[in-house]
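A short write-up of the structure that comes next.
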Amino acid sequence: MSQELPGFIMCVCTGKCPGFQAMDIWDFINQVRVELPVEYAFIHPQLCEEDGDRFLADFLKSHRKVIIGACAPNMQRKMFKDAFKEAGLNIEEDAVMLDIRDMTNEKAFEVVEKKLEEMGYEV
């Protein structure tokens with residue numbers, strides 16, 4: 001039986017966060033989507049806002065592990081723990097939180113690729 005692939009969500013803090021200036025977010029998300037073993041990859045503009053909470057509450061019903069590329073993991077944990085809890089998930093087990101700010105596309109891709117390898121996926 002094959003291993004279920006994780007999803008990849010990228011949060012870009014409205015797209016104006018200086019932490020993403022070195023990255024072409026569209027090229028990056030397409031590279032993750034096409035080249036890495038993920039079920040899907042997409043960008044959300046601001047998961048920490050109310051509509052981000054509503055989105056996560058609806059989206060997390062699939063019970064699929066998700067990788068979130070965004071800001072610092074401690075901030076992600078703080079902002080998203082309630083949404084995971086309300087979906088019946090444990091953020092520590094069901095989310096993999098990566099800080100990909102201040103990176104080029106290539107560096108951020110390497111970070112995601114390495115994490116997928118650590119999770120046991122063949123990249």
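Numbering (UniProt numbering), first residue to last: 1 to 123.
Each residue gets a CB set at the ideal place from its N, CA and C atoms; glycine is no exception.
**Study point:** Residues near GLU118 in its chain [Cβ-Cβ closer than 7 angstroms; skip 5 each side]
**Key:** Result list for GLU118: empty, nothing under 7 angstroms.
**Study point:** Rounded distance between the beta-carbons of LEU60 and ALA83, thought under 8 angstroms
**Key:** 6 angstroms
Check your understanding: Just the Cα atoms here: how many angstroms apart are MET97 and VAL112?
Key -> 10 angstroms
Exercise for review: Please say whether PHE28 and PHE109 have beta carbons closer to each other than 8 angstroms?
Suggested key: yes
Review point. Using CA coordinates, which residue listed in MET10, GLU35, GLU93 is at the minimum distance from ILE100?
Key: Cα-wise, what sits closest to ILE100 is MET10.
Check your understanding: Is DSSP giving ILE9 helix, strand or coil here?
Key -> strand
Point to revise | Helix, strand or coil at ASP27 [DSSP, three-state] | key: helix
**Study point:** Those runs of the beta strand (DSSP E) which lie wholly inside the segment 43-76 and span at least 3 residues
**Key:** 66-70
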